[in-house]
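Peer 1:
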Amino acid sequence: MNDQTTSRRDRLRAQASAEIKTIALELMADGGPDAISLRAIARQMGMTAGAIYSYYATRDDLITTLISDVYTSLVDAAEAARDAVPADDPGGRILAWAQTVREWALANPEGFRLVYGDPVSGYQAPDDGPAKEAEQRACTGLTGLIAAIWAQAEPLQPGLRRYSWKDFDPGLAAHIQAKFPGLPPAAVALALRVWGRMHGLVALEIYGHLRTLTHEPATIYRDEMIDLIGSLGIAPPA
438 MNDQTTSRRD RLRAQASAEI KTIALELMAD GGPDAISLRA IARQMGMTAG AIYSYYATRD
498 DLITTLISDV YTSLVDAAEA ARDAVPADDP GGRILAWAQT VREWALANPE GFRLVYGDPV
558 SGYQAPDDGP AKEAEQRACT GLTGLIAAIW AQAEPLQPGL RRYSWKDFDP GLAAHIQAKF
618 PGLPPAAVAL ALRVWGRMHG LVALEIYGHL RTLTHEPATI YRDEMIDLIG SLGIAPPA
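Using this note's numbering, the letters of the sequence shown map in sequence onto residues 438 to 675.
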């Protein structure tokens, strides 16, 4: 077999794999995450069940790949938006990350639901791999935004109790301690709260609750993020 034949076969396989993932997300959009089925995808593609299993051995393998792809896409976009803002503008970096999350979610609602929304019945996520790596990148990015302004933010946190590392998942605690030596566990708690405020309105919008109440979800979201930034003791972006 020559290189040209191998290259063509690889290209066709990549195209088929991409089509499988596209159809999986379409099935999810129509019937929820439990509608994802290798047999249903095979029928739509005119493939035999045996043929599709040569791409993904199990439904869980496909779901793991989907989560990895969409989560990595989200983190890539958020990191790029953050890094386009100078480091001496921490408020602008936080706003850039937040607005990119919303924009990505609106462009990829099924992906947002898959990562942050409806659980897939019976799905067992692997302990490592690209999906876990994307999750860690997201966690590192958010924590880094807080680490950069922790000195200003800490005095403004009402009732901030003395957290310990035992309050967090051991894997998360070890990861953050390695990435941000000296950062206290209370800063991780704040990062989780910031994440909650970033994602709360996005989730309401993606699931159709916000748009029934307002024609200006983008404005409401930006105002919420400006309020969030101010609560951290830093100047909001212009």
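We put the beta carbon where it would ideally sit given N, CA and C, even for glycine.
#1: Determine the DSSP secondary structure at GLU591, reduced to helix, strand or coil.
#2: So, helix, strand or coil for GLN573, using DSSP?
#3: Where in the segment 576–664 do unbroken runs of the beta strand (DSSP E), each at least 3 residues long, occur, reported from the N-terminal end onward?
#4: Among PRO592, ILE657, HIS612 and GLY578, which residue has its Cα nearest to the Cα of LEU641?
#5: Below 8 angstroms, how does it come out for the segment 626–642 and the segment 531–538: are there three or more Cβ pairs, yes or no?
#6: Leaving aside the five residues before and after ILE671 along the sequence, list all residues of the same chain whose C-beta is less than 7 angstroms from its C-beta, in chain order.
#7: Might you give, ordered along the chain, the residues of its own chain that have their beta carbon closer than 8 angstroms to the beta carbon of PRO592, omitting 5 neighbours on each side?
#8: TYR644: which of PRO546, SER491, ARG659 and ALA515 sits nearest, CA to CA?
#9: Take every Cβ of the segment 549–556, pair it with every Cβ of the segment 460–474, and state whether three or more of those distances are shorter than 8 angstroms.
#10: Taking a contact to mean a Cβ-Cβ separation below 8 angstroms, would you say TYR492 touches ILE460 in this structure?
#11: Would you give the residue range spanned by the alpha helix (DSSP H) that SER393 belongs to?
#12: Report the rounded CA-to-CA distance for ILE613 versus ALA624, giving the unit in angstroms.
#13: With H, G and I counted as helix, E and B as strand and the rest as coil, what does DSSP make of TYR553?
#14: Can you give the Cα-Cα distance for ARG599 and MET662, rounded to whole angstroms?
#15: What does the Cβ neighbour count give for ARG530, buried or exposed, with the cut at 16 atoms within 10 Å?
#16: Please work out which residues of its chain come closer than 6 angstroms, Cβ to Cβ, to LEU579, disregarding the five sequence neighbours upstream and downstream, and give them in chain order.
Peer 2: This is what the structure gives:
#1: Here residue 591 refers to the residue found at position 154 when the sequence shown is read from its first residue. Three-state result, GLU591: helix.
#2: Mapped onto the sequence shown, residue 573 falls at position 136. Looking at GLN573 - three-state DSSP - the assignment turns out to be helix.
#3: Secondary structure in the segment 576–664: no beta strand (DSSP E) run of 3 residues or longer lies completely within the stretch.
#4: The count along the sequence shown starts at 1 and reaches residue 641 at position 204. Closest by alpha carbon: ILE657.
#5: With three or more CB-CB distances shorter than 8 angstroms, the segment 626–642 counts as touching the segment 531–538.
#6: For the purposes of this step, residue 671 is taken as the residue at position 234 of the sequence shown. Counting only Cβ-Cβ distances below 7 angstroms, and skipping sequence neighbours, we find PRO527, GLY528, ILE586 and GLN589.
#7: Sequence index remark: in the sequence shown, residue 592 carries index 155 (1-based). GLY670.
#8: Walking along the sequence shown from the start, residue 644 turns up at place 207. The candidate whose alpha carbon is nearest that of TYR644 is PRO546.
#9: Touching, yes.
#10: Position 55 of the sequence shown, counted from the first residue, corresponds to residue 492. Position 23 of the sequence shown, counted from the first residue, corresponds to residue 460. In this structure, TYR492 lies away from ILE460, with their beta-carbon atoms at least 8 angstroms apart.
#11: Nothing about residue 393 can be reported from this structure: the residues present for the chain run from 438 to 675 only.
#12: Numbered from its first residue, the sequence shown carries residue 613 at position 176. Numbered from its first residue, the sequence shown carries residue 624 at position 187. Distance from the CA of ILE613 to the CA of ALA624, rounded to the nearest whole angstrom, comes to 10 angstroms.
#13: Reading the sequence shown from its first residue, position 116 is the one you call residue 553. If DSSP states are grouped into helix, strand and coil, TYR553 belongs with the helices.
#14: Translated into the one-based positions of the sequence shown, residue 599 becomes position 162. Translated into the one-based positions of the sequence shown, residue 662 becomes position 225. So the two alpha carbons sit approximately 26 angstroms from each other.
#15: For the purposes of this step, residue 530 is taken as the residue at position 93 of the sequence shown. The residue is buried, with at least 16 neighbouring Cβ atoms inside 10 Å.
#16: In the sequence shown, residue 579 corresponds to position 142, counting from 1. Cβ neighbours of LEU579 within its own chain (closer than 6 angstroms, five residues either side excluded): ALA628 and TRP632.
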